[in-house]
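In my numbering, the protein residues as written are 18 to 311.
Just so it is clear, CB atoms sit at the ideal spot from N, CA and C, and this is done for glycine as well.
Here the structure is a predicted model, which is why all the values come from computation and not from measurement.
Encoded as structure tokens, the structure appears first; notes follow it.
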Amino acid sequence: MQFKKEFETGKFACLVQIEPPKGTDVSSMISDALSVKGEVNAFIIPEMGNAVMRMSSLGAALVLREHGLDTIIQVNCRDRNRLALQGDILAASALGINALMVETGDDPSLGDHHETKAVNDLFLDELLKGIIRLEHGKDMAGIELAGSPEFVKGTSLNTCLRGADREKELDRMKKLIDLDVKFFVTQPLFEFDMTHAFVKIAENNNVRVIPSVLLLKSLGMARYMARNMDSLNLPDNLVEQIQKAGDKVRECANIAKEMIKEVKANNFGGVNVSCMGWEHKLPELLGVMEGLKG
Numbered sequence: 018m019q020f021k022k023e024f025e026t027g028k029f030a031c032l033v034q035i036e037p038p039k040g041t042d043v044s045s046m047i048s049d050a051l052s053v054k055g056e057v058n059a060f061i062i063p064e065m066g067n068a069v070m071r072m073s074s075l076g077a078a079l080v081l082r083e084h085g086l087d088t089i090i091q092v093n094c095r096d097r098n099r100l101a102l103q104g105d106i107l108a109a110s111a112l113g114i115n116a117l118m119v120e121t122g123d124d125p126s127l128g129d130h131h132e133t134k135a136v137n138d139l140f141l142d143e144l145l146k147g148i149i150r151l152e153h154g155k156d157m158a159g160i161e162l163a164g165s166p167e168f169v170k171g172t173s174l175n176t177c178l179r180g181a182d183r184e185k186e187l188d189r190m191k192k193l194i195d196l197d198v199k200f201f202v203t204q205p206l207f208e209f210d211m212t213h214a215f216v217k218i219a220e221n222n223n224v225r226v227i228p229s230v231l232l233l234k235s236l237g238m239a240r241y242m243a244r245n246m247d248s249l250n251l252p253d254n255l256v257e258q259i260q261k262a263g264d265k266v267r268e269c270a271n272i273a274k275e276m277i278k279e280v281k282a283n284n285f286g287g288v289n290v291s292c293m294g295w296e297h298k299l300p301e302l303l304g305v306m307e308g309l310k311g
């Protein structure tokens, strides 16, 4: 399991976000991941994304690792207090996981258990500081550990914010770099004009911005996202491109493949591919990577 070592060499990172099952049947997750083994450097496993109850990120990561697949687990402030967070992080390290996505966590009101109370014992910066302490051999109470973890750490980044919110996100990025964050995974991107200021900060600090490429599933999905999701910048011409296509599903796949090519051509540090339940499409999408190696 070499993701951390490969990442630190500067190699372009091909990541795939894959959701754990809502239940115990892991067969589809395993088969979808194995279908692109060798093309993907690591699978990012969300911790109950959108606050929907699923198998834990750590549990799903261990299932994939049993099949020789590298994983990046998500740890977030929403679900656990500092005792449980530290315990899971130490367990992950002991089991060979060496990469984390460190997040605040989506608000429970978005999910399927509306009675849920968020824990939020720690803010994001406090959790990152706690992980650094673990890496230096002490827990958050200052007590020495019998063995310490080593991680490459990432978090999410929104490059499509505007005005004062954009300036806050740029400042936030700088502060997170000071807390040893080495890669930033963006929201789904469909063009790159608004990433330049973030990429400049990344280049000046030897960290990476990794764009997310989202597989659109339909014209309706594209229209909805373009009209209603301010955190995305989905150009009208892409919606029109899908609308004019005879086979709209195939056109959505073609757009995703072209976006993957553009990410590589624009010299980003990697790509994160998200299919949102259509992981059976991964071999088709990542087939473009074969001609982009090097």
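{"Check": "Stretch-stretch touch, CB-based, cutoff 8 Å, three pairs: the stretch 189 to 208 with the stretch 132 to 152", "Outcome": "yes"}
{"Check": "Backbone CA spacing between residue 202 and residue 289 [nearest angstrom]", "Outcome": "7 Å"}
{"Check": "Whole-number beta carbon distance between residue 228 and residue 318, since they are thought to touch under 8 Å", "Outcome": "Since the first residue of the chain shown is 18 and the last is 311, residue 318 is not available in this structure."}
{"Check": "Classification of residue 36 by the beta-carbon crowding that lies within 10 angstroms, buried from 16 upward", "Outcome": "buried"}
{"Check": "Helix, strand or coil at residue 56 [DSSP, three-state]", "Outcome": "coil"}
{"Check": "Complete alpha helix (DSSP H) runs within the stretch 237 to 271 (minimum length 4 residues, chain order)", "Outcome": "253 to 261"}
{"Check": "Rounded separation between residue 12 and residue 198 - CA only", "Outcome": "A query on residue 12 cannot be resolved here, the shown segment of the chain reaching from 18 to 311 and no further."}
{"Check": "Residue 57 to residue 34 span [Cα, whole Å]", "Outcome": "10 Å"}
{"Check": "Where the beta strand (DSSP E) through residue 170 begins and ends", "Outcome": "169 to 174"}
{"Check": "Proximal residues to residue 283 (C-beta, below 8 Å), its chain only, five neighbours per side dropped", "Outcome": "209"}
{"Check": "DSSP-derived helix/strand/coil call for residue 311", "Outcome": "Caution is warranted here: a pLDDT of 49 is assigned to residue 311, below 50, making its placement in the model unreliable, and no coordinate value can be reported."}
{"Check": "According to DSSP, residues forming a beta bridge with residue 201", "Outcome": "172, 226"}
{"Check": "Option in 100, 276, 106, 64 with minimal Cα separation from residue 169", "Outcome": "106"}
{"Check": "Cβ neighbours of residue 279 in the same chain (closer than 8 Å, five flanking residues each side left out)", "Outcome": "209"}
{"Check": "Assumed close pair residue 75, residue 90 - CB separation to whole angstroms, cut-off 8 Å", "Outcome": "6 Å"}
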